[in-house]
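In UniProt numbering, the protein residues as written are 1 to 391.
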């Protein structure tokens with residue numbers, strides 16, 4: 001009997017090979033007056049795949065509500081007008097900014113609301129606000145029922161041209177940026193430029209950093225266009241900003257769709273140029289730095305390091321720093337001590353996985369990946385930016 005069992009288990013079963021292909025499609029719309037009764041865009045999006053009315057809840061940024069005090073009433077009136085498309089089961093106002101990503105209870109509260117209102121996977125979570133609120137609400141939507149449909153309504157420059165159009169959601173944990181999160185593409189993104197008028201100057205400026213980032217690694221002509229638009233952007237010309245947002249969003253989406261690695265399974269992450277330092281600086285400053293402000297510093301640091309490494313010409317390096325300063329960005333903060341900042345490299349590698357991979361510059365519009373760094377040279381780059389800030 002023992003010999004018979006051995007004979008039966010000596011042979012090995014061949015592995016079963018299977019490949020699962022999944023296609024995601026979503027549109028990024030550009031509009032004005034999204035919740036005006038004569039604008040049917042939101043209702044059309046909700047009924048694009050099925051005609052029956054859908055259940056929805058809205059998660060709204062408290063900072064946005066403070067600037068648009070009639071927003072909740074306007075949204076409710078819109079829902080009544082288009083009740084053939086969706087029924088608004090609840091509206092929840094949440095803290096804006098990184099505070100919402102640092103609060104683990106925020107996720108549970110939204111999941112509980114999804115449960116209480118009986119939303120299903122064909123229902124909608126309508127997230128309205130800045131990038132942090134979209135990240136947090138998107139994570140809650142992606143983890144309820146393994147995925148409730150998410151419609152993002154980004155209301156800041158940075159959210160409209162970068163974080164709000166991509167496929168990532170997340171919250172901060174253990175002192176690390178976006179430690180918990182998902183890859184979950186939205187059902188749709190609705191960019192309404194009217195929300196940008198109420199931004200303060202810091203938030204207006206902050207999102208421009210992400211446009212400079214993607215221009216530097218992918219499109220030199222876009223970098224030149226941003227540089228030419230500085231006077232218009234500084235005086236808050238909406239047409240100039242809309243052109244910047246559109247091209248930035250377009251380049252981000254092209255990379256996500258065509259890079260061959262939309263969910264970042266490899267070690268390469270070009271769109272995080274300047275971000276290893278930025279994420280750490282946000283944490284080191286207790287998030288007093290806006291994300292875009294930290295990215296601007298990260299761009300300045302990695303561009304300076306690229307120059308010191310002999311990859312980037314002095315003239316192009318100066319163009320980058322001059323542009324950032326012309327827009328009003330600071331390029332140095334006291335928290336950029338080398339001993340603290342360099343922990344960000346370790347956390348960046350852990351977050352990405354695999355070997356350390358940093359995007360640097362070898363020309364305007366042309367990035368190059370490296371897998372090791374010279375700490376002494378980075379220290380020199382920090383010192384250069386510190387000296388420049390004192391001039």
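Glycine is no exception: its CB is placed at the ideal position from the N, C-alpha and C atoms. The structure displayed is predicted, hence computed values, not measured ones.
Item	Value
Nearest residue (CA-CA) to residue 142, options 187, 65, 159, 160	187
At least 3 beta-carbon pairs within less than 8 Å: the region 85 to 93 vs the region 37 to 49	yes
C-beta atoms of residue 322 and residue 360 nearer than 8 Å	no
Among 374, 144, 285, nearest to residue 310 - alpha-carbon criterion	374
Residue 372 beta carbon near the ligand SAH (any heavy atom closer than 7 Å)	As presented, the structure is devoid of all ligands, the ligand SAH included, so that no description of it is given.
Assigned exposure category for residue 387 - 16 Cβ within 10 Å defines buried	exposed
At least three beta-carbon pairs within less than 8 Å, the region 140 to 157 to the region 228 to 239	no
CB contact flag (residue 57, residue 117, <8 Å)	yes
For residue 212, the three-state DSSP class (helix, strand or coil)	helix
Cβ neighbours of residue 399 in the same chain (closer than 6 Å, five flanking residues each side left out)	This structure cannot speak to residue 399, because the chain is shown only from 1 to 391.
Classification of residue 346 by the beta-carbon crowding that lies within 10 angstroms, buried from 16 upward	exposed
Residue burial classification, residue 2 (beta-carbon count within 10 angstroms, cutoff 16)	Any reading at residue 2 must be qualified, since the residue scores a pLDDT of 49, below 50, and its modelled position is unreliable; the value itself is stated next. The residue is exposed, with fewer than 16 neighbouring Cβ atoms inside 10 Å.
Beta carbon of residue 113 nearer than 8 Å to that of residue 148	no
Presumed contact (8 Å Cβ cut-off) between residue 175 and residue 134, rounded CB distance	With a Cβ gap of about 22 Å, residue 175 and residue 134 do not count as contacting.
Outcome for residue 32 when other beta-carbon atoms lying within 10 angstroms are tallied against a minimum of 16	exposed
Spatial neighbours of residue 77 in its chain, beta-carbon cut-off 6 Å, leaving aside the 5 residues before and after	none
Burial state of residue 20 (16 or more Cβ within 10 Å)	exposed
6 Å CB neighbourhood of residue 379 in its chain, flanking five on each side removed	338
Run of the beta strand (DSSP E) containing residue 61, from where it starts to where it stops	54 to 61
Any beta strand (DSSP E) of 3 or more consecutive residues that is wholly inside the UniProt domain "3-dehydroquinate synthase N-terminal" (93 to 205)	124 to 129, 149 to 154, 168 to 173, 176 to 183, 188 to 192
Within 8 Å, strictly: CB atoms of residue 172 and residue 179	yes
Nearest neighbour of residue 50, chosen from 124, 71, 95 [CA to CA]	124
Identity of the residues DSSP links to residue 358 by a beta bridge	370
Spatial distance of residue 232 from residue 326 (CA atoms)	12 Å
DSSP-derived helix/strand/coil call for residue 13	coil
Reduced DSSP secondary structure (H/G/I, E/B, other) of residue 285	coil
Unbroken beta strand (DSSP E) run spanning residue 28, endpoints	27 to 31
Distance, residue 36 Cα to residue 328 Cα	34 Å
Sequence-distant residues of the same chain with beta carbon closer than 8 Å to residue 239, five excluded per side	232
Which of helix, strand or coil DSSP assigns to residue 223	helix
Spatial neighbours of residue 294 in its chain, beta-carbon cut-off 7 Å, leaving aside the 5 residues before and after	278, 281, 282
Cut-off 7 Å between Cβ atoms - residues of its own chain near residue 252, not counting five sequence neighbours on either side	162, 165, 166, 214, 271
Exposed unless 16 or more other CB atoms sit within 10 angstroms - verdict on residue 152	buried
Contact check, residue 297 vs residue 331, beta carbons under 8 Å	yes
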